[in-house]
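*Asks:*
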Amino acid sequence: MTSIQLPAGYTVSTDPALLDRESVHRWLSEDAYWALGRPREKQDRAIDHSLNFGLYEQTSGLQVGYARVVTDHATFAWLCDVYIAPPARGRGLGTALTAAVRDHLAELGLRRLLLATRDAHEVYAKVGFNPLALPEKWMVLGEQ
């Protein structure tokens, strides 16, 4: 897979204590089509039960991005809630954050890492994601 580095001046951490939960909630509940109106309590519960990735400016410590992974740490993971704050967009940070998640999860030897997107296929393709080869095998219970 292609190695994608974070732009200079940024760092990724999985330390949940560093997360700016207020910003993450605001970003997702007010600006992310898949999470509009998500209550803060539900977002906090999702954070508490997931593997979280914060993207930070190194000099200020300001969080500028977020990604969440739901996983059993053995066979499966679902990448979700990938978000880059509007002022930080256009610098390749979404691709770099996704690559950091991919690289972090690679050591687990997962069989499958899934995600769903309406409009960012090109971002995820850059780090190796492909459309489902056999979508007719998959089923869903709940919203589509």
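1 is the number of the first residue of the sequence shown in full-length UniProt numbering; add one for each residue after it.
Glycine included, every Cβ here is placed at the ideal spot set by N, Cα and C.
Considering only residues of the same chain and omitting the five flanking positions on each side of ARG88, which have a CB-CB separation below 7 Å?
*Replies:* For the sequence presented, residue 88 should be read as Ala rather than Arg. Contacts found: VAL64 and GLY65.
*Asks:* Which runs of the beta strand (DSSP E) spanning at least 3 residues fall entirely within the region 5–78, listed in chain order?
*Replies:* The region 5–78 contains these whole beta strand (DSSP E) runs: 10–13, 51–57 and 63–71.
*Asks:* What do you reckon, is the C-beta of VAL12 under 8 Å from a heavy atom of the ligand NAP?
*Replies:* Summarising the ligand content, the structure contains no ligands, and the ligand NAP is consequently not present.
*Asks:* Could you compute how far the alpha carbon of ALA125 sits from the alpha carbon of THR117?
*Replies:* In a straight line, the C-alpha of ALA125 is about 11 Å away from that of THR117.
*Asks:* Excluding sequence positions up to five away, which residues of its chain have a Cβ less than 7 Å from the Cβ of ALA85?
*Replies:* Hits under 7 Å: TRP27, VAL64 and GLY65.
*Asks:* When we look at the beta-carbon of ASP44 and count the other beta-carbons within 10 Å, is it buried (16 or more) or exposed?
*Replies:* Exposed.
*Asks:* So the alpha helix (DSSP H) LEU97 belongs to, where does it begin and stop?
*Replies:* Element bounds for LEU97: 93–106.
*Asks:* Check whether the Cβ atoms of ALA100 and CYS80 lie closer than 9 Å to each other.
*Replies:* No, the pair does not count as a contact, with Cβ atoms beyond the cut-off.
*Asks:* Near LEU114, what residues of its chain come up, given a Cβ to Cβ distance below 6 Å and the 5 sequence neighbours on each side ignored?
*Replies:* Hits under 6 Å: TRP78.
*Asks:* With the cut-off set at 9 Å, would you say TYR10 and LEU51 are in Cβ contact?
*Replies:* For TYR10 and LEU51, no; Cβs fall outside 9 Å.
*Asks:* Let me check one thing: in DSSP terms, what residues is LEU113 bridge-paired to?
*Replies:* LEU113 is bridged to ALA77.
*Asks:* Taking only the alpha-carbon atoms, compute the straight-line gap between HIS73 and LEU110 and give it to the nearest angstrom.
*Replies:* If I take the Cα positions, the gap works out to 7 Å.
*Asks:* Assuming LEU97 and VAL82 make a contact with CB atoms under 8 Å, what is their CB distance in whole Å?
*Replies:* Correct: roughly 7 Å between the Cβ atoms.
*Asks:* Closest to GLU107 by CA distance: which of PHE76, ALA8, PRO7 and ALA35 is it?
*Replies:* When each option's Cα is compared against that of GLU107, the closest is PHE76.
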